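S.K.: Under our numbering, the sequence shown is numbered contiguously, ending at residue 272.
Pasting in a structure now, in structure tokens, and then I'll have a few things to ask.
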Amino acid sequence: MSLGRCLRLGAAAGAGGGVALALTLAVLGGAAISEAVELEEAAGGGGGPFSRGVQQVAGVVGAVALGVAVGVVFAVVFAAARHRLPGRDDWRRSLWLAAAAFVAGHLVPALKYPPNPPGVGDPATVGRRTALYVLLIAFSVVATVGAARLNNWLAARGTAPAPRHLLAVGAWVVLVAVALAGFPPPPDAVEAPATLVWNFRLTVVGGWLALWAVTGAVFGWLSLSPADRTGRGDAGAAEGAGDTSSRSD
């Protein structure tokens, strides 16, 4: 697959992921987001020159734009690591990469620095919060890449799949646990209602899950040939193998 085609597929898949993100936030988190905005405005923050409807439309556009950007980055990483990803075809490789991106880039950081509703937190600590979050993402990604390299290193030395997978996953868990324990706690206390906070957090994480699931699935499906999408490729390969076997007899 050429890099140009890979980027086009990534942009298309990411746009679909952005739509999934917007729908998830609207369907699952509409009430929580509205309540958070009302609390922020009641406290004297938020507001602005634009109506809530305009902000919602802008949010959808922003989610799709973000999805396209994520899809392009996903395509670049996929093109660079394609032959080192697990799976016998691009469909499975794409799903593996999307799952790793969600876990390393969103799930792990959310365990230490979960997202908070609008208006929660001191504006003066935004820089510190952002820096800690980005650093934890970077550490999580490095740990994931390191675990994958360990798995490949063990495979090259003939280690059986079960023990090498256990060792790689175990190393990743240890590194992540050390990071979660060692990184500083969130700098701000959360004073919003607990139900609102957890509904908002689950919605945001669910939105990222939807984005990566759709991006990975669409990219993987588009990467397959038309014959492989319909299952004819595997059937043709099996038929060809059968014909070869018959001729050898």
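Glycine included, every Cβ here is placed at the ideal spot set by N, Cα and C.
In this text the structure is predicted, and so the values were computed from the model without any measurement.
What residue ranges within the segment 98-181 form continuous alpha helix (DSSP H) runs of no fewer than 4 residues, ordered along the chain?
M.R.: Fully enclosed alpha helix (DSSP H) runs of 4 or longer: 113-125, 131-135, 149-179.
S.K.: Just mark residue 189 as buried or exposed, buried being the case when its beta carbon has 16 or more other beta carbons within 10 Å.
M.R.: Classification of residue 189: exposed, given that the 10 Å Cβ count is below 16.
S.K.: Quick one: any contact between the segment 102-115 and the segment 183-199, if contact means 3 or more CB pairs under 8 Å?
M.R.: No, the segment 102-115 does not touch the segment 183-199.
S.K.: Unbroken alpha helix (DSSP H) runs of length 4 or more, entirely within the segment 175-258: which are they?
M.R.: DSSP runs (the alpha helix (DSSP H)) wholly in the segment 175-258: 184-205, 217-246, 249-253.
S.K.: Pull up the CB-CB distance for residue 215 and residue 140, whole angstroms please, since I reckon it's below 8 Å.
M.R.: That belief holds up - the Cβ atoms of residue 215 and residue 140 are roughly 6 Å apart, short of 8 Å.
S.K.: Using 8 Å for Cβ pairs, my map puts residue 35 next to residue 232. What's the rounded Cβ distance?
M.R.: Not confirmed; about 20 Å, so no contact.
S.K.: In angstroms with no decimal places, state the Cα-to-Cα distance between residue 180 and residue 90.
M.R.: Cα to Cα, residue 180 sits roughly 39 Å from residue 90.
S.K.: For the segment 89-106 against the segment 39-50, are there 3 or more C-beta pairs whose distance is under 8 Å?
M.R.: As far as the Cβ criterion goes, the segment 89-106 touches the segment 39-50, which means the pair count is three or higher.
S.K.: Could you check how far apart the C-beta atoms of residue 121 and residue 47 are, in whole angstroms? I think they sit under 8 Å.
M.R.: Rounded, the Cβ-Cβ distance is 15 Å, inconsistent with contact.
S.K.: Would you call the segment 203-218 and the segment 163-171 touching, i.e. three or more CB-CB distances under 8 Å?
M.R.: Cβ pair count under 8 Å is below three, so no.
S.K.: Just mark residue 26 as buried or exposed, buried being the case when its beta carbon has 16 or more other beta carbons within 10 Å.
M.R.: Residue 26 is exposed by the Cβ-count criterion.
S.K.: Are residue 156 and residue 186 closer than 8 Å when you measure CB to CB?
M.R.: The answer is no: Cβ separation not under 8 Å.
S.K.: Can you say whether residue 129 is buried or exposed, counting buried as having 16 or more other CB atoms within 10 angstroms of its CB?
M.R.: The residue in question, residue 129, is buried, as its Cβ has 16 or more Cβ neighbours within 10 Å.
S.K.: Alpha carbon to alpha carbon, how far is residue 149 from residue 126?
M.R.: Rounded to whole angstroms, residue 149 to residue 126 spans 24 Å at the Cα level.
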